[in-house]
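> Let me begin by handing over the structure; questions about it come next.
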Amino acid sequence: MEIRGLSNPLATLLGQRKAVEPSQDPLAALPAASTDSSAAAGSLLDEILADYDLHRITPQKFSELIDRLKSVDILSARDHQQLNQLRQALDSAGLDADQSLDLLSFIRSKLDESRQSLAAAQANDDPSQLSALEATVKLAQDQSDWLNKLDAAKRDRPLGGLDAKV
138 MEIRGLSNPL ATLLGQRKAV EPSQDPLAAL PAASTDSSAA AGSLLDEILA
188 DYDLHRITPQ KFSELIDRLK SVDILSARDH QQLNQLRQAL DSAGLDADQS
238 LDLLSFIRSK LDESRQSLAA AQANDDPSQL SALEATVKLA QDQSDWLNKL
288 DAAKRDRPLG GLDAKV
């Protein structure tokens with residue numbers, strides 16, 4: 138997910154971006170929408186997000202959400218693929234397609250588990266698994282970043298105010 142560049146239309150939906158230093162919270166650099174075109178695009182995002190609650194969503198509804206976001210070019214093909222991998226992780230966890238869950242809690246747990254596995258491999262000096270585990274952590278972080286941005290947009294919070302690290 139290209140959060141620093143935010144090269145897809147979500148940047149338009151959420152306004153102009155400031156440059157982000159690698160050490161900064163990538164969400165903190167995204168101000169609220171400020172132009173007429175971004176306000177109209179933001180209205181489209183609001184309309185889509187009004188139908189979903191990431192804190193109580195079924196895997197089936199999550200698939201629907203990401204497909205809708207892709208269909209209006211809010212998600213790039215790469216971001217859509219990454220979020221589809223999260224959907225597959227829900228299936229692997231044994232969730233029914235109609236079973237409601239807190240997706241933000243799920244991804245936080247997945248990210249924590251991935252980081253713990255990476256730390257264990259580093260502590261055991263196991264280079265054979267490091268690359269794959271680093272990729273798993275990055276994927277989970279990208280997925281978490283997207284979900285947090287969508288949740289912030291849904292709540293109508295200015296993204297510049299998100300200081301908490303996930």
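Going by my numbering, the sequence shown wraps up at 303, each residue one higher than the last.
Here a beta-carbon is modelled for each residue, glycine too, at the ideal position from N, C-alpha and C.
Predicted model, so just to flag it, every value in this text is computed and none were measured.
On a Cα-Cα basis, can you pick out the residue from S208, L212, E250 that is closest to W283?
For the purposes of this step, residue 283 is taken as residue 146 along the sequence shown, with counting starting at 1. W283 has its Cα closest to that of L212, out of S208, L212, E250.
> Identify, in the order they occur along the chain, each residue of the same chain with its Cβ nearer than 6 Å to the Cβ of A234, setting aside the five sequence neighbours on each side.
Along the sequence shown, read from residue 1 onward, the residue named residue 234 stands at position 97. Cβ neighbours of A234 beyond the five flanking positions: P196, Q197.
> Pick out whichever of A230, D204, D228 has its Cα sitting closest to the Cα of Q218.
Taking the first residue of the sequence shown as 1, we reach residue 218 at position 81. Out of A230, D204, D228, D204 has the C-alpha closest to the C-alpha of Q218.
> Compute the Euclidean distance between the alpha carbons of Q253 and D262, then round it to the nearest angstrom.
As a working note, residue 253 is residue 116 in the sequence shown. As a working note, residue 262 is residue 125 in the sequence shown. For Q253 and D262, the distance between alpha carbons rounds to 14 Å.
> Given L223, which residues of its chain have a CB within under 6 Å of its CB, disregarding the five upstream and five downstream residues?
What you label residue 223 is simply residue 86 of the sequence shown in a count that begins at 1. Only Q280 meet the Cβ criterion.
> Taking 7 Å as the cut-off, decide whether the C-beta atoms of L248 and A277 are in contact.
Along the sequence shown, read from residue 1 onward, the residue named residue 248 stands at position 111. Along the sequence shown, read from residue 1 onward, the residue named residue 277 stands at position 140. Yes; because the gap between Cβ atoms is below 7 Å, this pair is in contact.
> Within a Cβ cutoff of 7 Å, which residues of the same chain sit near L181, ignoring the five residues on either side of it in sequence?
Taking the first residue of the sequence shown as 1, we reach residue 181 at position 44. Within the same chain, L181 has close Cβ partners V209.
> Excluding sequence positions up to five away, which residues of its chain have a Cβ less than 6 Å from the Cβ of L206?
Against the sequence shown, residue 206 aligns to sequence position 69. Closer than 6 Å at Cβ, skipping near neighbours: L212.
> Starting from P268, follow the alpha helix (DSSP H) in both directions and report where the run begins and ends.
Numbered from 1 along the sequence shown, position 131 holds the residue referred to as residue 268. According to the sequence as given, residue 268 is Ser; it is not Pro. Taken as a continuous stretch (DSSP letters only), the alpha helix (DSSP H) holding S268 covers 264-292.
> Tell me, which residues are paired with L238 by DSSP?
Reading the sequence shown from its first residue, position 101 is the one you call residue 238. In DSSP, L238 forms a bridge with I194.
> Could you pull the start and end residues of the alpha helix (DSSP H) that D216 belongs to?
As a working note, residue 216 is residue 79 in the sequence shown. Here the alpha helix (DSSP H) through D216 covers 214-229.
> Using a threshold of 7 Å, state whether the C-beta atoms of L191 and L240 are closer than that.
The sequence position of residue 191 within the sequence shown is 54, counting from 1. The sequence position of residue 240 within the sequence shown is 103, counting from 1. Yes.
> What is the rounded straight-line gap between the Cα of L238 and the Cα of L227?
Counting from one through the sequence shown, the residue named residue 238 turns up at place 101. Counting from one through the sequence shown, the residue named residue 227 turns up at place 90. Approximately 10 Å between the Cα atoms of the pair.
> Use the C-beta contact count for L220: other C-beta atoms within 10 angstroms, 16 or more gives buried, fewer gives exposed.
In the sequence shown, counting from the first residue as 1, residue 220 sits at position 83. Buried.
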